[in-house]
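K.L.:
Input: one structure, supplied below.
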Amino acid sequence: MITQTSSLLLETRDILHKWLSLATSAIMIFFCFVNIVMLNQVTIGVIDGVFGLLNLYSFRKALLEKTHEWHHYMLAFSMTVVVLSSFYFADLRAGSIYWLLILPPLYCLLAGPKLGLFYTIILSLPALAILFIKSDTEDFLPYRSILNFVLAYFLSYGICYLYESQYAKSSLLLERMAFQDPLTGAQNRHALKLFFDNFNNVPVDPFLKYETEETRLLIIDIDYFKSVNDEFGHDVGDSVLLEMTELLHYLIHDEHVYRIGGEEFLITLKNHTQNQAYDFAEKIRKEVEKTVFRAHQQSIRITVSIGIAQLQKGQSFREFLRDADKNLYSAKNKGRNLVHYGPMNVSEAV
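Residue 226 is where the sequence shown starts when you use my numbering, and the numbers rise one by one after that.
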């Protein structure tokens, strides 16, 4: 199955980073003005100003879609330094401690749940030390202050962690519904369309005479599959399709298997020559021919026809599927239970 969940989470994190950078830079620059001009707290104001400008730079990079992994850590680091320094230098009654409570969710969202928890624990050590020292006054009870802070501090992380975990599970479920065939577990046409778009969007280096990597397709169709459904019923036919998918996954390991029709499958082979693709297709054909598919106490033998094609840039997805089907039926028209092999590419198949 295509693993789009991680990329979706990364995209979400980039969007979050962009707007957090803008918001934090605005807040920091505002407090820079307040601390220097109105409160005469130059040290805190300078720290606010420096990291505010740094986050503004990060926001600009995000707008240009040039965000890197270290930008996320820089944002978290800048917030940590500004909040801790304000907490340390300012009077406790000013309420700067409240800003500490937003850091655990920030770590969780920007660094992920596990690394976010590590950062949350590390930050709690200096925060608790400062709180204990500054709470030891007539106006505050240090132990009760620390207890309340610890509970609120880690609760804010826990809420964000639960949300992130549920979001990841929901994203995975939606991904399976969108990109996975519900019967066989193979990838579906939506996933194939995504693969096709990614392939077509990769720019070609004009200085390279030959492509460094060739992508070839195996279009596989079960011969006379309708007769299986007619003779044994659709439940048996579904079981055969499921076992067929498991067999393909076993044979090709990390390559991509797509179910693009009722009994029609497609496999993508990266960096395979024409001869290698043919040998691999023959291996699949022979393995299917000798396999006994056992479904609902029925022993069933099937064969497959396989067409080989090279994926070329510049086609629309509809043209791609149409020409791929032409290549497959060239194999079926030559007698079935064979591999159609020739020098043509997808668009030349007849």
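Positions of the beta carbon are idealized from the N, C-alpha and C atoms, including for glycine.
1) By the three-class DSSP mapping on this structure, what secondary structure does A520 have?
2) State the CB to CB distance for the pair A352 and L325, rounded to an integer number of angstroms; the pair is presumed to be in contact (CB under 8 angstroms).
3) Buried or exposed: where does R441 fall if 16 or more other Cβ atoms within 10 Å of its Cβ makes it buried?
4) When DSSP labels each residue in this structure, what does A354 get in the three-state scheme?
5) DSSP three-state label for E489, please.
6) On the DSSP bridge list, what partners appear for D446?
7) Tell whether a beta-carbon distance below 7 angstroms holds between S303 and S311.
8) Excluding the 5 residues flanking L281 on each side, which residues of the same chain have their C-beta closer than 6 angstroms to its C-beta?
9) Tell me whether Q266 sits in a helix, a strand or coil according to DSSP, three-state version.
10) By the three-class DSSP mapping on this structure, what secondary structure does Y392 have?
11) For I254 versus G277, is the C-beta spacing smaller than 7 angstroms?
12) CB-CB under 7 angstroms to T498, same chain, minus the five flanking residues each way: which ones, in chain order?
13) How is the alpha helix (DSSP H) around H481 delimited, first residue to last?
14) Among R519, V513 and K538, whose alpha-carbon lies nearest the alpha-carbon of Y531?
15) Could you pull the DSSP bridge partners for Q405 from this structure?
16) Taking only three categories from DSSP, how would you classify T498?
17) Can you confirm whether the stretch 407 to 422 touches the stretch 365 to 384 when touching is taken to mean that 3 or more C-beta pairs between the two stretches lie within less than 8 angstroms?
P.N.:
The short version:
1) Here residue 520 is taken as the residue at index 295 of the sequence shown, counted from 1. The answer is strand: DSSP assigns A520 an E or B state.
2) Mapped onto the sequence shown, residue 352 falls at position 127. Mapped onto the sequence shown, residue 325 falls at position 100. 6 angstroms between Cβ atoms; contact.
3) By 1-based counting over the sequence shown, the position of residue 441 is 216. Classification of R441: buried, given that the 10 Å Cβ count is 16 or more.
4) Translated into positions along the sequence shown, residue 354 becomes position 129. In this structure, A354 counts as helix in the three-state DSSP scheme.
5) As a working note, residue 489 is residue 264 in the sequence shown. Strand at E489.
6) Taking the first residue of the sequence shown as position 1, residue 446 is located at position 221. BP columns for D446 point to E489 and S530.
7) Here the question's residue 303 lines up with position 78 in the sequence shown. Here the question's residue 311 lines up with position 86 in the sequence shown. Their beta carbons are not under 7 angstroms apart, which means S303 does not touch S311 by this criterion.
8) As a first step, residue 281 must be located in the sequence shown, where it is residue number 56. Answer for L281: S250, listed in chain order.
9) Residue numbering aside, residue 266 sits at position 41 when the sequence shown is read from its first letter. Three-state DSSP puts Q266 in coil, outside helix and strand.
10) As a position in the sequence shown, residue 392 is number 167, starting the count at 1. Y392: helix per DSSP, three-state reduction.
11) Residue 254 sits at position 29 when you count from the first residue of the sequence shown. Residue 277 sits at position 52 when you count from the first residue of the sequence shown. The answer is yes: Cβ separation under 7 angstroms.
12) Mapped onto the sequence shown, residue 498 falls at position 273. The answer is none, since no qualifying residue turns up.
13) As a working note, residue 481 is residue 256 in the sequence shown. First-last for H481: H481 to R484, but that is the beta strand (DSSP E), not the alpha helix (DSSP H).
14) Residue 531 sits at position 306 when you count from the first residue of the sequence shown. The question names Tyr, yet the displayed sequence has Ile at residue 531. Nearest option by C-alpha distance: V513.
15) The residue labelled residue 405 in the question sits at position 180 within the sequence shown. Paired residues: Q412.
16) Mapped onto the sequence shown, residue 498 falls at position 273. Note: T498 maps to coil in three-state DSSP.
17) no
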